[in-house]
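J.: Questions regarding the structure given below will be posed in turn.
In the working numbering, the protein residues as written are 145 to 297.
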């Protein structure tokens, strides 16, 4: 997170205004807070993140609630969300590629029905297996697509 984009030590009545000002520029704001005075800003932000030890009002107003008081969990939550979206895009790519190739073959009768059914089941298993590979991901490092791309460590 670029330090220029961080607003810290904002007075309680100005927090929601600071979030609104950022979002008025067409950017998406993330608010991290734990108190009653943070609730309006948490609700106004594109992503509101409450610290788990915070007040019930802050937890209810937030989109994400961290279970611990560790500020590095905010970065981990961002990394997990980015990795999850990358995994979804991978699965959509492979499923679309499979269907683009196999449906015309099956509709033209170039693929026997039993082979088409087996290939469809194999496609589902491959998407499920690809999703299960995400269990190996640790949010201490950036998500790397299939291990080929180097991320920041």
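Yeah, the Cβ is synthetic: ideal placement off N, Cα and C, and Gly gets one too.
For a test of your reading of the model: does the CB of residue 277 fall under 7 Å from any non-hydrogen atom of the ligand GDP? Yes or no.
T.: The ligand GDP is absent from the structure shown, which contains no ligands of any kind.
J.: Using the three-state DSSP reduction, which class does residue 296 fall into: helix, strand or coil?
T.: Interpretation of residue 296 is limited by its pLDDT of 45, a score under 50 that renders its predicted location unreliable; the figure taken from the coordinates is listed afterwards. Residue 296: coil per DSSP, three-state reduction.
J.: Anyone know if the C-beta pair for residue 187 and residue 164 falls short of 8 Å?
T.: Going by C-beta atoms, residue 187 is not nearer than 8 Å to residue 164.
J.: How close, in whole Å, do the beta carbons of residue 218 and residue 176 come, if the pair is a contact with beta carbons under 8 Å?
T.: About 6 Å separates the two Cβ atoms, so the contact holds.
J.: If I'm right that residue 196 touches residue 207 with Cβ under 8 Å, what's the distance once you round it to whole angstroms?
T.: So it is not a contact: roughly 14 Å between Cβ atoms.
J.: Give a yes or no on whether 8 Å exceeds the smallest Cβ distance from residue 151 to chain D.
T.: Any reference to chain D falls outside this structure, which holds one protein chain only.
J.: Select from 183, 242 and 241 the residue whose C-alpha is nearest the C-alpha of residue 198.
T.: Among 183, 242 and 241, the Cα nearest to that of residue 198 is on 183.
J.: Among 179, 167, 233 and 239, which residue has its Cα nearest to the Cα of residue 191?
T.: When each option's Cα is compared against that of residue 191, the closest is 167.
J.: Exposed or buried, which one is residue 178 when buried takes at least 16 other CB atoms within 10 Å?
T.: Buried: at least 16 other Cβ atoms inside 10 Å.
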